[in-house]
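Residue numbering for the sequence shown follows full-length UniProt numbering, beginning at 1 and increasing consecutively. Just so you know, even glycine gets a beta-carbon here, dropped at the ideal spot from N, CA and C. As the structure is a computational prediction, the values presented were derived from the model and not from experiment. As structure tokens, the structure follows; a few thoughts come after it.
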Amino acid sequence: MVKTFKYLGIPFNQFGIVSDLLINQRITKATGSMALLRQLGIQQYGVGLWPTLRAYRTFVRPVMEYGIAISTLSQVQIDKLDKAQKGCIKMTLNRNAKTQFPTIVPMVMANIPSMKIRTPTIQQKRDEEFKLLKDKFKAISCMRDIRVVEPIMYLELPSKDRHRMIKWRMHWLPSYPIKTCRCGEINATREHYKICPRLQPLLLKLLDHYGTIPDLKHPVQPLDYILNNLPRNEVVLGNKRWIKAWPALIRVLREIDFLSHADADFNLNDEPDPEVTMKQQQNNTQS
């Protein structure tokens, strides 16, 4: 199993974005691009300072900023970005990036904020955009308030159960067009399964294992709330609450899949016992 992988140029591991690796890659690529532009004569003694700074803003800085909006960065990492940007500005002045040379004046003249200011600004815009999306889209309004890689994407889980959790998140379970539930409810939406009589025993068992759930604002369902509080690694799944709630959650989603496809041939007994799978995962984690 690989420790890290890239998706759309951003390095991930099983816990999410690898921020150290991301920052190093962004800095290497951005400074390399600026060095190439300098070699091509795009510096203050070639095409002039303003065109050179515009070239940095247009072509190089976006390379350095790529992925920052969805990453959680430490102050040390932000300082590294700021140092790299200063090196790029020195190159626009036809100076070596490592030379001690003030960059504040050209940055102010070209309205280029430091990365210490720019990074929080980018992330704030992301948060504002996310808030607007939560208000606009029903599916997103049911998800976490903070942006993280969903644990259901990478936690060890049977393939069918992972698909069910993802489909529930995407509001594709129950699937469209909405069908009649096996309990007889016509056009049974996801809201129906909060009160479906055939699901109640499993749902009540899940809620008993999980614990208290506060009053939820429509359209958030109890399953959404539980998924929003799902731990981000297998170790925490083994604690007192989740060791029972996690298998119970899997069983509830299996039953929703079964109930919402009344015309399909289902045999849930063919699928692995989630409690047994949970025990095997614990043994693998401890070994």
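Within 10 angstroms of its Cβ, does residue 30 collect 16 or more other Cβ (buried), or is it exposed?
-> buried
Could you tell me the distance, in whole angstroms, from the CA atom of residue 44 to the CA atom of residue 82?
-> 21 Å
How should residue 260 be labelled, buried or exposed, when 16 other C-beta atoms within 10 angstroms of its C-beta is the threshold for buried?
-> buried
Sort 195, 256, 178, 231 by Cα distance to residue 154 and report the nearest one.
-> 231
Sheet register partners of residue 10 (DSSP bridge) | Per DSSP, 7.
Would residue 84 pass as a contact of residue 123 if the rule is Cβ separation under 8 Å?
-> no
Identify whether residue 87 lies in helix, strand or coil by the three-state DSSP scheme.
-> helix
Could you give the residue range of the alpha helix (DSSP H) that holds residue 139?
-> 138-141
Using CA coordinates, which residue listed in 117, 101, 89 is at the minimum distance from residue 109?
-> 89
Just checking, does the stretch 135-144 make contact with the stretch 96-103 on the three C-beta pairs under 8 Å criterion?
-> The stretch 135-144 makes no contact with the stretch 96-103: fewer than 3 CB pairs, one atom from each, lie closer than 8 Å.
Close Cβ partners of residue 139 (< 8 Å) along its chain, the five nearest in sequence each way excluded | 169, 170, 171
Which two residues bound the contiguous alpha helix (DSSP H) that contains residue 225?
-> 222-228
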